[in-house]
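**Q**
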Amino acid sequence: MYRIIILAAPAVLLLVSGAALAQNCCSPAVSQQGVLGETTALPQTLEAALHYEHLRSRDKYEGSTKVDDPEKTEAGWDRVLLTLAYGVVPRVSVAAVVPYVRKEKSWYLYQHDLWKVNQTEGFGDCIVLARFSVVERTFVNFREVAVGLGFKAPTGSTDKRDAGLSIPLELQPGTGSWDYLGSLSFYQGFKKVDLIAGATYVLTTEYEGYEFGDQLSYQVTANLHATGRLDLSAGLSGIVRGRDIGLSGEVYSTGQHQLFAVPGVHYQIIPKFLRLQAFFEYPVYQHFNGRQLAGDFNLRFSASFSIPFSHEEVIDDE
Numbered sequence: 003m004y005r006i007i008i009l010a011a012p013a014v015l016l017l018v019s020g021a022a023l024a025q026n027c028c029s030p031a032v033s034q035q036g037v038l039g040e041t042t043a044l045p046q047t048l049e050a051a052l053h054y055e056h057l058r059s060r061d062k063y064e065g066s067t068k069v070d071d072p073e074k075t076e077a078g079w080d081r082v083l084l085t086l087a088y089g090v091v092p093r094v095s096v097a098a099v100v101p102y103v104r105k106e107k108s109w110y111l112y113q114h115d116l117w118k119v120n121q122t123e124g125f126g127d128c129i130v131l132a133r134f135s136v137v138e139r140t141f142v143n144f145r146e147v148a149v150g151l152g153f154k155a156p157t158g159s160t161d162k163r164d165a166g167l168s169i170p171l172e173l174q175p176g177t178g179s180w181d182y183l184g185s186l187s188f189y190q191g192f193k194k195v196d197l198i199a200g201a202t203y204v205l206t207t208e209y210e211g212y213e214f215g216d217q218l219s220y221q222v223t224a225n226l227h228a229t230g231r232l233d234l235s236a237g238l239s240g241i242v243r244g245r246d247i248g249l250s251g252e253v254y255s256t257g258q259h260q261l262f263a264v265p266g267v268h269y270q271i272i273p274k275f276l277r278l279q280a281f282f283e284y285p286v287y288q289h290f291n292g293r294q295l296a297g298d299f300n301l302r303f304s305a306s307f308s309i310p311f312s313h314e315e316v317i318d319d320e
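All letters in the sequence shown, in the order written, are residues 3 to 320 by this note's numbering.
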């Protein structure tokens with residue numbers, strides 16, 4: 003029989019928190035809906051997941067060309083995400099994401115022959131999302147088309163300091179703004195493979211005279227059912243982000259298009275209940291407005307749990 007995969011690949015924050023980074027400091031590439039799964043949560047079922055991400059950026063680019071960087075700038079982002087999704091009724095689910103982030107950016111002051119490091123950590127901006135299945139998955143079609151609407155609340159700090167000095171907004175745990183997002187996803191299950199496609203648009207708003215650029219993220223993924231418990235996946239995911247807007251208008255060195263290759267491994271420790279996943283993201287195309295720090299690689303690990311609160315039959319391949 004066929005299988006409905008409940009994915010928990012880290013992605014919602016990638017979208018929203020990534021929109022908070024002024025010079026692509028560790029900006030992740032995966033589309034928003036991945037963290038909460040690519041399908042609507044099953045009725046009366048809680049889908050909980052814990053994710054860890056390590057994102058690294060280095061090397062300066064102008065357009066699609068690598069340029070010299072005397073400051074040897076590097077940036078890193080470690081993030082732990084708790085995600086919860088609950089199927090309220092057939093076709094409708096609600097979800098939330100709570101992130102904890104640690105950001106670091108270092109550069110070399112060659113005039114003084116010393117390294118400068120800015121570092122912050124704390125709870126980031128939380129996300130709430132509602133999803134509706136326009137086409138509901140069943141034992142007959144193994145297909146779903148879903149739309150989602152949600153918002154990001156400014157729950158993360160924007161006033162962290164280092165040695166008493168202010169830290170740029172791009173390194174703060176939060177963005178300070180209320181942002182709004184809409185998503186569209188497609189799932190098609192087959193006996194040996196699942197196909198998934200999705201896109202999410204984030205509409206940002208202004209905070210204290212600064213507005214990060216709107217962002218569109220997208221992904222296309224195929225999951226191969228290698229064994230009864232093991233899946234192997236391959237996909238492409240990308241981000242297109244507009245320029246930020248400051249008090250003097252558009253900020254020149256902001257906005258980009260990044261495309262990542264994303265291989266992954268999924269293993270069901272306890273079928274239908276506990277699933278482990280690991281992903282590696284490597285940039286295959288990057289284009290930046292002005293001169294910006296480019297993505298190097300991203301690592302993502304997830305443990306997802308599915309807890310049914312009813313005894314109705316669940317769509318599965320076993």
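C-beta: ideal position from N, C-alpha, C; glycine also.
Could you give the distance in angstroms between the alpha-carbon of W79 and the alpha-carbon of A224?
**A** Mapped onto the sequence shown, residue 79 falls at position 77. Mapped onto the sequence shown, residue 224 falls at position 222. Rounded to the nearest angstrom, the two C-alpha atoms are 27 Å apart.
**Q** Since I believe V91 is in contact with P45 (beta carbons under 8 Å), could you give me their beta-carbon distance rounded to a whole number of angstroms?
**A** Position 43 of the sequence shown, counted from the start, is the residue given in the question as residue 45. Position 89 of the sequence shown, counted from the start, is the residue given in the question as residue 91. Between V91 and P45 the Cβ distance is about 6 Å, and since that is below 8 Å, they are a contact.
**Q** Excluding five sequence neighbours on each side, which residues of the same chain lie with their C-beta closer than 8 Å to the C-beta of L261?
**A** Here residue 261 is taken as the residue at index 259 of the sequence shown, counted from 1. Answer for L261: A31, L238, S239, G240, P285, V286, Y287 and Q288, listed in chain order.
**Q** Reducing DSSP to helix, strand and coil, say where E208 ends up.
**A** For the purposes of this step, residue 208 is taken as residue 206 along the sequence shown, with counting starting at 1. In this structure, E208 counts as coil in the three-state DSSP scheme.
**Q** Which same chain residues, not among the five before or five after G210, have their C-beta less than 7 Å away from its C-beta?
**A** Mapped onto the sequence shown, residue 210 falls at position 208. Reading off the sequence, residue 210 comes out as Glu, not Gly. Cβ neighbours of E210 beyond the five flanking positions: G178.
**Q** So P310 and T85 are in contact, right, with Cβ under 8 Å, and what is the actual spacing, rounded?
**A** Mapped onto the sequence shown, residue 310 falls at position 308. Mapped onto the sequence shown, residue 85 falls at position 83. With 8 Å as the limit, P310 and T85 do not qualify as a contact, their Cβ atoms being about 17 Å apart.
**Q** Three Cβ pairs or more, each shorter than 8 Å: is that satisfied between the region 181 to 191 and the region 160 to 173?
**A** Counting Cβ pairs under 8 Å, fewer than three are found: no touch.
**Q** Under the assumption that G191 contacts G158 (Cβ atoms under 8 Å), give the Cβ distance between them as a whole number of angstroms.
**A** On the sequence shown, position 189 is the one that residue 191 refers to. On the sequence shown, position 156 is the one that residue 158 refers to. At roughly 36 Å, the Cβ-Cβ gap does not stay under 8 Å, so G191 and G158 are not in contact.
**Q** Which residue marks the beginning of the beta strand (DSSP E) containing W79, and which one marks its end?
**A** Walking along the sequence shown from the start, residue 79 turns up at place 77. From DSSP, the beta strand (DSSP E) with W79 extends over E76 to V91.
**Q** In chain order, what residues of the same chain lie with their CB nearer than 8 Å to the CB of F134, ignoring the 5 residues before and after it?
**A** Position 132 of the sequence shown, counting from 1, holds the residue named residue 134. So the qualifying residues of the chain are T42, R93, V94, A148, V149 and G150.
**Q** Let's test the definition: count the other Cβ atoms within 10 Å of the Cβ of A11 and tell me whether it reaches 16, buried, or not, exposed.
**A** Taking the sequence shown and counting its residues from 1, one reaches residue 11 at position 9. Residue confidence for A11 is low, a pLDDT of 35 falling below 50, so the modelled location carries little weight; the figure read from the coordinates is stated next. Buried, by the Cβ-count rule.
**Q** Roughly how many angstroms lie between the CA atoms of F281 and H56, to the nearest whole one?
**A** As a working note, residue 281 is residue 279 in the sequence shown. As a working note, residue 56 is residue 54 in the sequence shown. Distance between the alpha carbons of F281 and H56: 11 Å.
**Q** With DSSP as the reference, label L301 as helix, strand or coil.
**A** Taking the first residue of the sequence shown as position 1, residue 301 is located at position 299. It is a strand residue.
**Q** Can you list, in chain order, the residues of its chain whose CB lies under 7 Å from that of S308, leaving out five sequence neighbours each side?
**A** Along the sequence shown, read from residue 1 onward, the residue named residue 308 stands at position 306. Correct list, in chain order: I8, T47, E49, K274 and F275.
**Q** Looking at T67 and L1, is the spacing between their C-beta atoms short of 7 Å?
**A** There is simply no residue 1 to check, as the chain begins at 3 and stops at 320 in what is shown.
**Q** In the DSSP assignment, find the unbroken beta strand (DSSP E) run with I271 in it and report its ends.
**A** Counted from its first residue, the sequence shown places residue 271 at position 269. Run containing I271: Q258 to I272, per the beta strand (DSSP E) assignment.
**Q** Verify whether the separation of the beta carbon atoms of G200 and Y254 is less than 7 Å.
**A** Start at 1 with the first residue of the sequence shown, and residue 200 comes out as number 198. Start at 1 with the first residue of the sequence shown, and residue 254 comes out as number 252. No, the pair does not count as a contact, with Cβ atoms beyond the cut-off.
**Q** Given this structure, state the Cα-to-Cα distance separating A132 from G230, to the nearest angstrom.
**A** Locating residue 132 in the sequence shown gives position 130, where the first residue counts as 1. Locating residue 230 in the sequence shown gives position 228, where the first residue counts as 1. When rounded, the distance between both Cα atoms is 31 Å.
**Q** For the region 126 to 181, which segments carrying the beta strand (DSSP E) assignment without a break, of at least 3 residues, lie completely within its bounds, in sequence order?
**A** Entirely contained in the region 126 to 181, the beta strand (DSSP E) runs reaching 3 residues are, in chain order, 128 to 137 and 145 to 155.
**Q** For T248, which residues in the same chain have their Cβ closer than 6 Å to its Cβ, ignoring the five residues on either side in sequence?
**A** In the sequence shown, residue 248 corresponds to position 246, counting from 1. Sequence inspection shows Gly at residue 248; the Thr mentioned does not correspond to that position. Once the five neighbours on either side are set aside, the close Cβ partners of G248 are Y212.
**Q** Please classify S312 as buried or exposed, where buried requires at least 16 other C-beta atoms within 10 Å of its C-beta.
**A** Translated into the one-based positions of the sequence shown, residue 312 becomes position 310. Looking at its Cβ environment, which holds fewer than 16 other Cβ atoms inside 10 Å, S312 is exposed.
**Q** Between E2 and L197, what straight-line distance do the alpha-carbon atoms span, to the nearest angstrom?
**A** Nothing about residue 2 can be reported from this structure: the residues present for the chain run from 3 to 320 only.
**Q** Just to confirm my understanding: we take H227, look at its own chain, exclude 5 residues before and 5 after, and list those with CB closer than 6 Å. What are they?
**A** Here residue 227 is taken as the residue at index 225 of the sequence shown, counted from 1. Closer than 6 Å at Cβ, skipping near neighbours: K194 and D233.
**Q** Report the CB separation of S108 from G297 in whole angstroms; it is logged as a contact under 8 Å.
**A** The sequence position of residue 108 within the sequence shown is 106, counting from 1. The sequence position of residue 297 within the sequence shown is 295, counting from 1. Going by Cβ atoms, the distance from S108 to G297 rounds to 16 Å, so no, they are not a contact pair.
**Q** Looking at the secondary structure, which residues open and close the beta strand (DSSP E) in which K62 lies?
**A** On the sequence shown, residue 62 is found 60 positions in, with the first residue counted as 1. Per DSSP, K62 belongs to the beta strand (DSSP E) from T47 to G65.
**Q** Could you tell me if S250 is buried or exposed, where buried requires 16 or more neighbouring beta carbons within 10 angstroms of its beta carbon?
**A** Translated into the one-based positions of the sequence shown, residue 250 becomes position 248. Exposed.
**Q** Alpha carbons only, please: which of R81, E73, L205 and K105 is nearest the one belonging to D355?
**A** The structure shown does not extend to residue 355, since the chain spans only 3 to 320, so no value can be given for it.
**Q** How big is the Cα-Cα spacing for Q217 and V142?
**A** The residue you call residue 217 lines up with position 215 of the sequence shown. The residue you call residue 142 lines up with position 140 of the sequence shown. The straight-line gap from Cα to Cα measures roughly 36 Å.
**Q** Does F311 come out as helix, strand or coil in the three-state DSSP assignment?
**A** Here residue 311 corresponds to residue number 309 of the sequence shown, with the count starting at 1. F311: coil per DSSP, three-state reduction.
**Q** Assign T122 to buried or exposed, taking buried as 16 or more other Cβ atoms, counted over all protein chains shown, within 10 Å of its Cβ.
**A** What you label residue 122 is simply residue 120 of the sequence shown in a count that begins at 1. By the neighbour-count rule (16 or more Cβ atoms within 10 Å), T122 is buried.
**Q** Measuring CB to CB, does E139 end up less than 7 Å from V103?
**A** As a first step, residue 139 is located in the sequence shown; it is residue number 137 there, counting from the start. As a first step, residue 103 is located in the sequence shown; it is residue number 101 there, counting from the start. First, the residue type needs correcting, since residue 139 is Arg and not Glu in the sequence shown. No, the pair does not count as a contact, with Cβ atoms beyond the cut-off.
**Q** Please work out which residues of its chain come closer than 6 Å, Cβ to Cβ, to K154, disregarding the five sequence neighbours upstream and downstream, and give them in chain order.
**A** Position 152 of the sequence shown, counted from the first residue, corresponds to residue 154. Same-chain partners within the cutoff: V18, D127, I129 and D181.
**Q** For F192, which beta-bridge partners are listed by DSSP?
**A** In the sequence shown, counting from the first residue as 1, residue 192 sits at position 190. None, per the DSSP bridge assignment.
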